[in-house]
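Residue numbers (the UniProt record's numbering): 1 to 105.
As structure tokens, then:
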């Protein structure tokens with residue numbers, strides 16, 4: 001009986017973790033749609049509206065996705081004036097990193 005309870009608890013905790021990750025991915029996608037899609041292709045397919053803006057699904061070829069967390073926290077700046085500066089809070093960083101990891105090709 002104890003074994004069944006432990007297994008059931010494991011399944012509940014596993015499902016909760018999966019649901020939490022799905023929530024992070026969804027929030028990250030919403031952030032990207034709202035703040036980034038005007039220039040970048042943010043999904044698994046499609047071209048960026050601005051050709052110089054890399055599609056998010058290819059970022060892993062330029063950077064370790066987890067390494068972008070520091071840039072997101074400190075504020076992203078680039079050499080071109082059309083890129084707005086963003087500084088994300090820790091929850092937004094976790095959400096965006098989860099989303100980026102979910103779409104890498």
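Using N, Cα and C, we set each Cβ at its ideal position, and we do this for glycine too.
Beta-carbon separation (whole angstroms), residue i vs residue j, contact threshold 8 Å
i: residue 72; j: residue 59; result: Not confirmed; about 12 Å, so no contact.
i: residue 103; j: residue 56; result: 6 Å
i: residue 27; j: residue 95; result: 4 Å
i: residue 93; j: residue 66; result: With a Cβ gap of about 10 Å, residue 93 and residue 66 do not count as contacting.
Cross-strand partners of residue i (DSSP beta bridge)
i: residue 45; result: Residue 45 is not bridged to any residue.
i: residue 86; result: 76
CB of residue i within 8 Å of CB of residue j, strictly
i: residue 99; j: residue 25; result: yes
i: residue 75; j: residue 64; result: no
Chain D within 8 Å of residue i, Cβ atoms only
i: residue 101; result: No chain D is present in this structure, which holds just one protein chain.
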